[in-house]
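Student: Input: one structure, supplied below.
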Amino acid sequence: MQAFLEEAKRSSRTIANLSTAVKNKVLNEMADALMNHCDFIISHNEKDMIDARVNNLSEALQDRLLLTGERVKEMSDAIRQIASQTEPVGRILDGWVTKDGLNIQKVSIPIGVIGIIYESRPNVTSDTAALCFKSGNVCVLKGGKEAEHSNKAIAVVLKEVLAKNKLPEQAISLLPDSSREGVAKLIKQNKYVDLIVPRGGEALIKYVSENSSVPVIKHDKGICHIYVDKDAAPAKIIDIAINAKCQRPSACNSMETLLIHEDIAPYILSGLEDAFAEQGTILKGCSETLKYIRVIPATLEDYDTEYLANILNIKLVKNVDEAIVHIQRHGSGHSEAILSENYSTVNKFLNEVDAACVYANASTRFTDGGAFGLGAEVGISTNKLHARGPMGISDLTTFKYKIYGSGQVR
Numbered sequence: 040m041q042a043f044l045e046e047a048k049r050s051s052r053t054i055a056n057l058s059t060a061v062k063n064k065v066l067n068e069m070a071d072a073l074m075n076h077c078d079f080i081i082s083h084n085e086k087d088m089i090d091a092r093v094n095n096l097s098e099a100l101q102d103r104l105l106l107t108g109e110r111v112k113e114m115s116d117a118i119r120q121i122a123s124q125t126e127p128v129g130r131i132l133d134g135w136v137t138k139d140g141l142n143i144q145k146v147s148i149p150i151g152v153i154g155i156i157y158e159s160r161p162n163v164t165s166d167t168a169a170l171c172f173k174s175g176n177v178c179v180l181k182g183g184k185e186a187e188h189s190n191k192a193i194a195v196v197l198k199e200v201l202a203k204n205k206l207p208e209q210a211i212s213l214l215p216d217s218s219r220e221g222v223a224k225l226i227k228q229n230k231y232v233d234l235i236v237p238r239g240g241e242a243l244i245k246y247v248s249e250n251s252s253v254p255v256i257k258h259d260k261g262i263c264h265i266y267v268d269k270d271a272a273p274a275k276i277i278d279i280a281i282n283a284k285c286q287r288p289s290a291c292n293s294m295e296t297l298l299i300h301e302d303i304a305p306y307i308l309s310g311l312e313d314a315f316a317e318q319g320t321i322l323k324g325c326s327e328t329l330k331y332i333r334v335i336p337a338t339l340e341d342y343d344t345e346y347l348a349n350i351l352n353i354k355l356v357k358n359v360d361e362a363i364v365h366i367q368r369h370g371s372g373h374s375e376a377i378l379s380e381n382y383s384t385v386n387k388f389l390n391e392v393d394a395a396c397v398y399a400n401a402s403t404r405f406t407d408g409g410a411f412g413l414g415a416e417v418g419i420s421t422n423k424l425h426a427r428g429p430m431g432i433s434d435l436t437t438f439k440y441k442i443y444g445s446g447q448v449r
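In structure tokens form, the structure reads like this:
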């Protein structure tokens, strides 16, 4: 492990100083290579899918794991999009001259070696590798066991492009020891690793956060809510609610609980019940919801559950204040939304709800680097420092101060 990370650290100096032209050339070649080796990647993914079925992985996890020709093309397109982004390294973020005549510049630089621990989605391998490369960083990737064959195939393709361009292959590496013990060692290597980014289940995030001696940016669970206010536009409610829950239930930005103002519940619940029935959604609800529609009684534990499946909690609340209190108690700081035409209520919600992304009259499903116009992302950070929300290419840089003098002494 130490020898492997020493190599990664050495290669970080080379990658940090590559020109924009070289980085973009290599990234576009990586995008081509994914398409040229599409069948190779899918054949390895099929091994993972067979294992997933044997091991009875949930439908949500199998959906995240599956690679098709279209999904490989999306991976390739994502890398091209990353290549086309503005150079994140070497930007002058600020500058001034002091009273002593020192010219100070605050300049963006790569973070260094980034360890990324993730589960299920093989596309994370190519997305994060490309994001790290474009931002001048080395990445050490630890994917889930369920995607082992897929991740290895993708890494092989990307590393071949590095070798072809006479660049250190350690710039994109899978952790050689993918066991729990290997992860335990990785997160203690603060001499060689500059940042750990865990994405995945609650247990993984908790373990890494509590045991890492390397700084951590969490990409935690998404327990997302939509609050339907008494002043919501009726024509918007069903479409937004169905999209937020049903468009892709396995996504971390899908809605898990629908909060409804009690004054409008008698008028909208039956329509929502019918709409969700058409989608095959399993509905759970509070005792007040049971007065209007047939649902499974919701428990307190349900409100703290990230289903990642076509299951939805419904809870009636007295007002926006009660909705905010519920969200602060049960939300994960990911994405929260309000449906209302009342300007004051909307602003109260947007100002008081503490989450990475807060929406007015839109689906939570938009929390995504691509949808935000940021391009591919490492994930959705639920941290407050230093990145929050969709963690794009600029969030993979830090900064240093360059000070130009002309002989000054203090």
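For the sequence shown, the numbering used here begins at 40 and goes up steadily by one. No residue lacks a Cβ here, since even glycine has one placed at the ideal position from N, Cα and C. Being a predicted model, the structure only gives us computed values, none of them experimental.
(1) Skipping 5 residues on each side, what residues in its chain have a beta carbon closer than 6 Å to that of Val177?
(2) Using DSSP with H/G/I as helix, E/B as strand and the rest coil, what is Asn352?
(3) My understanding is that Ile307 touches Ile332, with C-beta atoms under 8 Å, so please give their C-beta distance in whole angstroms.
(4) When you compare the stretch 249-262 with the stretch 306-320, are there three or more beta-carbon pairs, one atom per stretch, that lie closer than 8 Å?
(5) For Arg92, count the other beta carbons within 10 Å of its own beta carbon; 16 or more makes it buried, fewer makes it exposed. Which is it?
(6) Near Asn63, which residues of its chain fall below 6 Å by C-beta distance, leaving aside the five closest residues on each side in sequence?
(7) How is the alpha helix (DSSP H) around Tyr306 delimited, first residue to last?
(8) Could you give the distance in angstroms between the alpha-carbon of Glu443 and the alpha-carbon of Thr406?
(9) Any beta-carbon of chain D closer than 7 Å to the one on Ser383?
(10) Tell me the DSSP bridge mates of Cys396?
(11) Starting from Lys450, follow its DSSP beta bridges and name the residues at the other end.
(12) If you compare alpha carbons, which of Asn400, Val448, Gly370 is closest to Glu340?
(13) Determine the direct distance from the alpha carbon of Thr437 to that of Gly154, and round the result to whole angstroms.
(14) May I ask you to report which of helix, strand or coil DSSP gives His76?
(15) Compare the beta carbon distance of Ala415 and Asp166 with 7 Å and say whether it is the shorter of the two.
(16) Is the stretch 418-426 touching the stretch 245-259, taking contact as three or more C-beta pairs under 8 Å?
(17) Name the residue from Ala117, Leu329, Asp102 whose alpha carbon lies nearest to the alpha carbon of Ala186.
(18) Just list the beta strand (DSSP E) runs in the stretch 405-441, keeping only unbroken ones of 3 residues or longer that don't cross its boundaries, in chain order.
(19) By how many angstroms is the C-alpha of Gln144 removed from the C-alpha of Tyr440?
(20) Extract the residue ranges of the beta strand (DSSP E) inside the stretch 46-71, only unbroken runs of 3 or more that lie entirely within it.
(21) Straight-line CA distance for Asn352 to Asp278?
(22) Which same chain residues end up closer than 7 Å to Lys269 when comparing Cβ atoms and leaving out the 5 residues on each side of it in sequence?
(23) Among Asn349, Glu295, Leu424, Met114, which residue has its Cα nearest to the Cα of Asn67?
(24) Check whether the stretch 359-376 touches the stretch 322-331, counting contact only when three or more Cβ pairs, one atom from each stretch, lie closer than 8 Å.
(25) Give me the Cβ distance between Leu170 and Ile432, rounded to the nearest whole Å; I'm assuming they're in contact under 8 Å.
(26) Starting from Asp177, trace the beta strand (DSSP E) both ways and give me its first and last residue.
(27) Can you have a look at Ser252 and say buried or exposed, based on whether 16 or more other CB atoms are within 10 angstroms of its CB?
(28) Could you tell me which residues DSSP puts in a beta bridge with Ile143?
(29) Assuming Met40 and Lys191 make a contact with CB atoms under 8 Å, what is their CB distance in whole Å?
(30) What's the C-alpha gap between Asp133 and Cys396?
(31) Might you give, ordered along the chain, the residues of its own chain that have their beta carbon closer than 7 Å to the beta carbon of Ile193, omitting 5 neighbours on each side?
(32) Could you have a look at Met294 and say whether DSSP puts it in helix, strand or coil?
(33) Starting from Ile23, trace the alpha helix (DSSP H) both ways and give me its first and last residue.
(34) Where do the ends of the alpha helix (DSSP H) carrying Leu96 lie?
Tutor: Inspection of the coordinates gives the following:
(1) Ala47, Ser50, Ser51, Ile54, Val152, Ala210
(2) strand
(3) With 8 Å as the limit, Ile307 and Ile332 do not qualify as a contact, their Cβ atoms being about 10 Å apart.
(4) no
(5) exposed
(6) Ala122
(7) 304-317
(8) Residue identity differs from the one stated: residue 443 is Tyr in this sequence, not Glu. Between Tyr443 and Thr406, the C-alpha separation is close to 41 Å.
(9) The structure shown contains no chain D; it holds only a single protein chain.
(10) Ser374
(11) Past the boundaries of the shown model lies residue 450; the chain is included only from 40 to 449, so the question cannot be answered.
(12) Gly370
(13) 16 Å
(14) coil
(15) yes
(16) yes
(17) Asp102
(18) none
(19) 6 Å
(20) none
(21) 17 Å
(22) His300, Asp302, Ile303
(23) Met114
(24) no
(25) 6 Å
(26) A small fix is needed here, since residue 177 is Val in this sequence, not Asp. Residues 177-181.
(27) exposed
(28) Trp135, Ile442
(29) Going by Cβ atoms, the distance from Met40 to Lys191 rounds to 18 Å, so no, they are not a contact pair.
(30) 27 Å
(31) Ile80, Pro161, Thr164, Ser165
(32) strand
(33) A question about residue 23 goes unanswered here, because the residues of the chain that appear run from 40 up to 449.
(34) Looking at the DSSP string, Leu96 is not in any alpha helix (DSSP H), and its letter there is neither H nor E.
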